[in-house]
Structure formats: C-alpha cells, structure tokens
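In what follows, a structure is listed as structure tokens, so that the remarks can point back to it.
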Amino acid sequence: MQITFFKYQGTGNDFVMIDNRNLIFPKENTALVASLCNRKFGVGADGLILLENDNELDFKMVYFNSDGNTSTMCGNGGRCLVSFAQFLGIIENECTFNAIDGKHTATIENGIVSLQMMDVSEVKTKPNSFFLDTGSPHHVQLVENLKDFNVQKEGAKLRYGVYGESGSNINFVEQRTDASFAVRTYERGVEDETLSCGTGVTAVAIAMHNAGKTNQNQVHIETEGGPLAVHFESVNGYKNVHLVGPAKQVFKGEIEC
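The sequence shown begins at 476 in this note's numbering and counts up by one.
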C-alpha cells in the first residue's frame, strides 16, 4: 500500500499527517503507525495524526503516539492539524473540530494557530509538584538549572514509578520572569524528551498561576523547540484556555507500507 503523507511541526513537536477522509488508513495496525513514526526506518515523528470527516463539525482528529497506540489529546498536534485543514481547503481562518477529549475551536492567521483547550477544574498539589489534566495527564515540577537537568532519566523514573502503567507526561520547569517559564518535557508514548508538548505547556502555565508563581493570565513558555503562549480566564477554575504558536508544513511524501 502506498500512503501519501505530510510532515508538520509545531515548535519542534513533529507529526506524520494523513488525510483520511476516505477512511483507507488501517487504524488498527499499530505496527504500521509505529513504523511510520520511526526515525530510522520510517518518516520519523513524535506522533501520527489522521484528519477525518465529522458528522457535525469541520473535521475530526485521530491521534497516535509514536509507539503506535491511540492516545489522549495532543495540543501541538491539534495546532498542526488546523494548519493542515487550511492547506487542504477544508477551512479558511477558523474551525471547530472533534478530538478524543471533545470539541475544540481554533483560529489561524499567518501560520500562527490559537487552539482552545479543555477547561481545567482542578490542580492537585503534591509536596514538590503539581498534577492536572489538560486533555492529557501532566506532572509539573519546578527545578533548578533546567538546561543541565537529566530529563530522560528523571522523567522515566516519575512516569513509571509514581504514575504506574498508564503513566503521565512529566514537565520540568524553571521560572524566568514573572510571566515566563522554560520547560522540558518527557512524553509518555514517545518515552523520551520531546522538543515541545502543547498540553504540557498548557499544564505548566495553569499550574504556575495556580501556585501563585505568576498572577498573569497570559503566560509565555519557552520550550526546547521555541516559544509558545497560553492565555486563560481564572474564575472558578480555568476556562477559555488557548494555546498559541506556529504550526508549519515541512514536506509532503509517499511511502510504501
């Protein structure tokens, strides 16, 4: 089978993108998804995303981690999918789409995508960290000297040791200014550090606001792959949460599977 794919990236978080409106892609084939995401033998990506028709909304997002399994919401993937939908002519500058965590709205202008994320009603405070769900589960922990921190080792230790089989994404954070933070993220499903994680960036912004580290409702986050912004309303939880940043097409190709 020959598959036409597109490669997209959002602050270095990269995805194999496939137009599956005709439903020809074998979604149950986890080995195929994993092989396409493999950086040595396939296209290479942090995840694979299918764009499909939706009965009520503009389109549907189906997301797979690079291990081949379907997963929870991916914020950067969602932003890239909005850019892909615009490229395909499905939308112009705004859209509403379905994902595994429900309905999302988004706008795109000059390659910058603002994606509405799910509301967050609870931030759990732990002795040295925070835990919250922003469409995917996230552990958020402040550290010193983030540049030299061993994200792979410490992230894997927490992902498995604290959160068990289902696991959690692990974010290590360093404050830069009153309204800006740097983050490095260990992603479950990828089982490694990624250059950026959209739901992780969203979790960091909300957790830091909830902890009183910032009183701003627009927070700037520096990832290894570049800058993102999160803005929100903070009354009785966190609502109208938006993840904002660039999403770019890298290349188009065909691959025999």
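All C-beta atoms, glycine included, are put in the ideal place defined by N, C-alpha and C.
Since we're looking at a predicted model, the values are computed, not measured.
| Query | Result |
| --- | --- |
| Among 696, 583, 627, 542, nearest to residue 564 - alpha-carbon criterion | 583 |
| Where residue 538 sits in the DSSP three-state scheme | strand |
| Beta-carbon proximity of residue 520 to residue 557, cut-off 8 Å | no |
| Spatially closest choice to residue 709 from 721, 693, 720, 718, by CA coordinates | 693 |
| Bridge partner(s) assigned by DSSP for residue 581 | 570, 590 |
| Distance between beta carbons of residue 725 and residue 587, contact taken as under 8 Å | Contact doesn't hold; Cβ gap of about 17 Å is too wide. |
| Bridge partners - residue 635, DSSP secondary structure assignment | Paired residues: none, contrary to the question. |
| CA nearest to the CA of residue 518, picked from 527, 547, 478 | 478 |
| Span separating the alpha-carbon of residue 572 from that of residue 496 | 14 Å |
| With 16 other Cβ atoms within 10 Å as the buried cut-off, status of residue 499 | exposed |
| 3-residue-minimum beta strand (DSSP E) runs that sit fully inside the segment 486-520, ordered along the chain | 488-494 |
| Proximity winner among 642, 493, 635, 604, relative to residue 611 (alpha-carbon distances) | 642 |
| Rounded straight-line distance, which links the Cα of residue 645 to that of residue 601 | 14 Å |
| For residue 556, three-class secondary structure by DSSP | helix |
| Spatial neighbours of residue 529 in its chain, beta-carbon cut-off 6 Å, leaving aside the 5 residues before and after | 535, 573 |
| Residue environment, residue 516, which counts as buried when at least 16 other CB atoms sit within 10 Å | exposed |
| Spatial neighbours of residue 561 in its chain, beta-carbon cut-off 6 Å, leaving aside the 5 residues before and after | 583 |
| Proximity to residue 533 [Cα-Cα], best of 578, 635, 651 | 578 |
| Completely contained alpha helix (DSSP H) runs for the segment 594-659, where each covers 4 or more residues | 626-636 |
| Nonlocal neighbours in the same chain, by C-beta distance under 8 Å from residue 618, ignoring five residues either side | 624, 647, 648, 649 |
| Residue environment, residue 686, which counts as buried when at least 16 other CB atoms sit within 10 Å | exposed |
| Residue 681 - DSSP class collapsed to helix/strand/coil | helix |
| Beta-bridge pairing of residue 696 - partner residues as DSSP gives them | 656, 703 |
| Residue 671 vs residue 585 beta-carbon contact at 8 Å | no |
| Rounded straight-line distance, which links the Cα of residue 525 to that of residue 697 | 28 Å |
| Burial state of residue 504 (16 or more Cβ within 10 Å) | exposed |
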